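Enquirer:
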Amino acid sequence: MDIHRNIKDMLGNFIKNKNIPNIIFYGRSGSGKSSLLQQFICDIYENNKDNIKNNVFVTNCAKSNGIKFIRDEIKMFVKTNTPSNSMGFSKTVVLDHADELTDDAQSVLRRCIEIYNNTRFFIVIEDYSRLINPIISRFCSIYVSLPLIKGEYVNLHTYKIGHMNAIAKPHYSNYKTLTKLINTCNPDDISILDLSYKLYNMCYESNDIIRYIIDTNEHNSELFKCIFKLKKDTNNIPNERYIIWYILNYSFTFLKTI
Numbered sequence: 001m002d003i004h005r006n007i008k009d010m011l012g013n014f015i016k017n018k019n020i021p022n023i024i025f026y027g028r029s030g031s032g033k034s035s036l037l038q039q040f041i042c043d044i045y046e047n048n049k050d051n052i053k054n055n056v057f058v059t060n061c062a063k064s065n066g067i068k069f070i071r072d073e074i075k076m077f078v079k080t081n082t083p084s085n086s087m088g089f090s091k092t093v094v095l096d097h098a099d100e101l102t103d104d105a106q107s108v109l110r111r112c113i114e115i116y117n118n119t120r121f122f123i124v125i126e127d128y129s130r131l132i133n134p135i136i137s138r139f140c141s142i143y144v145s146l147p148l149i150k151g152e153y154v155n156l157h158t159y160k161i162g163h164m165n166a167i168a169k170p171h172y173s174n175y176k177t178l179t180k181l182i183n184t185c186n187p188d189d190i191s192i193l194d195l196s197y198k199l200y201n202m203c204y205e206s207n208d209i210i211r212y213i214i215d216t217n218e219h220n221s222e223l224f225k226c227i228f229k230l231k232k233d234t235n236n237i238p239n240e241r242y243i244i245w246y247i248l249n250y251s252f253t254f255l256k257t258i
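Mapping to full-length UniProt numbering: the sequence shown position 202 is 202, numbers consecutive.
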């Protein structure tokens with residue numbers, strides 16, 4: 001199954017040119033971020049299992065997300081002297097769920113990245129908005145959308161592949177009613193307010209609206225980042241109906257600008 005060809009070509013060029021940056025892979029769960037990175041690392045180390053075992057440090061930041069972890073575990077690993085490979089660096093650190101790191105831990109990580117430039121850092125996240133700017137500015141960011149297969153955006157976690165590579169139908173929520181309501185809404189303040197009331201009374205929640213917007217605009221990396229930031233901004237709003245209006249209003253405004 002050939003998916004994410006443009007990203008694979010980009011990663012291949014990094015290796016070909018022997019110029020591999022620190023990279024953030026971001027996108028929804030099930031988009032294939034970890035699979036892309038796993039293959040990328042295999043290509044970097046030429047499928048040498050011993051080299052990968054000795055020179056690649058992989059950690060789940062959802063389990064260890066504090067300053068002590070960065071100082072004790074990661075710094076200890078990258079400080080070990082190892083001859084550089086053909087790419088000009090020796091060690092690789094993979095930080096899965098790095099959006100779970102505290103701001104203080106991210107600050108320590110930033111300093112670690114600056115000091116140990118013989119190491120490449122790869123970050124895998126869903127919520128781009130939770131990374132601090134000094135981290136983002138030191139990385140190349142690659143948005144990994146759900147792969148488009150036979151005209152459908154597919155979540156690879158729930159996707160079934162048979163022995164003959166027959167592709168099963170993805171299990172998506174029924175968006176028929178939601179699509180009709182949103183598509184018939186005029187993007188003005190009164191109409192959006194009316195729509196938010198209607199959706200709220202039909203028992204839709206703000207998370208339903210967010211999933212719908214992301215699913216139907218999967219190709220749009222900027223909208224993806226903005227929606228996660230928007231979700232974070234609404235955490236302290238107690239009124240669910242107002243949150244729905246806020247999300248719809250922002251999304252209509254954003255989509256009009258592209």
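The beta-carbon is built from N, C-alpha and C at its ideal position, and this holds for glycine as well. Treat the numbers as computed from the prediction; the structure is a model and nothing was measured.
Give the range of the alpha helix (DSSP H) segment to which Y128 is assigned.
Expert: No alpha helix (DSSP H) contains Y128, which DSSP labels as neither H nor E.
Enquirer: Can you tell me whether DSSP reads R120 as helix, strand or coil?
Expert: strand
Enquirer: Thinking C-alpha only, which one of D96, P83, L36, L109 is nearest I135?
Expert: The residue with the shortest Cα to Cα distance from I135 is L109.
Enquirer: Can you name, in chain order, every residue of its own chain whose Cβ lies under 8 angstroms from the Cβ of I213, other than the five neighbours on each side?
Expert: L223, I227, I247, S251
Enquirer: Name the residue from I142, I243, L148, N118 whose alpha carbon lies nearest to the alpha carbon of Y128.
Expert: I142
Enquirer: Let me confirm a value: G27 is counted as buried when at least 16 other C-beta atoms fall within 10 Å, else exposed. Which label applies?
Expert: By the neighbour-count rule (16 or more Cβ atoms within 10 Å), G27 is buried.
Enquirer: Please report the straight-line C-alpha distance between I149 and S34, rounded to a whole angstrom.
Expert: 19 angstroms
Enquirer: What number of angstroms, rounded off, separates the C-alpha of D103 from the C-alpha of T184?
Expert: Going by the C-alpha atoms only, they are around 42 angstroms apart.
Enquirer: So that I know if they touch, is there some Cβ in chain C lying closer than 8 angstroms to that of R120?
Expert: The structure shown has no chain C; it contains just one protein chain.
Enquirer: Could you give the DSSP three-state label for I20: helix, strand or coil?
Expert: coil
Enquirer: In terms of residue numbering, what span does the beta strand (DSSP E) encompassing S141 cover?
Expert: Counting along the chain, the beta strand (DSSP E) containing S141 begins and ends at 140–143.
Enquirer: Whole-angstrom Cβ separation of T92 and N54, contact assumed at under 8 angstroms?
Expert: Contact flag wrong, Cβ pair sits at about 11 angstroms.
Enquirer: Check the C-beta distance from I125 over to H97 and give it rounded, since I have them as a contact under 8 angstroms.
Expert: 7 angstroms
Enquirer: What's the C-alpha gap between D99 and S196?
Expert: 30 angstroms
Enquirer: Going by C-alpha to C-alpha distance, which of L156, N201, K63, N117 sits closest to G32?
Expert: L156
Enquirer: Mapping DSSP to helix, strand and coil, what is A168?
Expert: Interpretation of A168 is limited by its pLDDT of 41, a score under 50 that renders its predicted location unreliable; no figure is taken from the coordinates.
Enquirer: With DSSP collapsed to three states, give me the class of E100.
Expert: Residue state, collapsed to three classes: helix.
Enquirer: Between which residues of its own chain and I24 is the CB-CB distance below 6 angstroms, once the five residues before and five after are set aside?
Expert: I123, F139, S141
Enquirer: Hey, could you find the ends of the alpha helix (DSSP H) V78 is sitting in?
Expert: 75–79
Enquirer: Can you give me the C-alpha to C-alpha distance between I74 and S221, rounded to a whole angstrom?
Expert: 30 angstroms
Enquirer: From which residue to which residue does the beta strand (DSSP E) around F57 run?
Expert: Its beta strand (DSSP E) spans residues 56–60.
Enquirer: Please list the terminal residues of the continuous alpha helix (DSSP H) segment that includes D208.
Expert: 206–216
Enquirer: Identify, in the order they occur along the chain, each residue of the same chain with its Cβ nearer than 7 angstroms to the Cβ of I192, setting aside the five sequence neighbours on each side.
Expert: C185, W245, L248, N249, F252
Enquirer: Roughly how many angstroms separate the alpha carbons of E205 and L199, rounded to a whole number?
Expert: 8 angstroms
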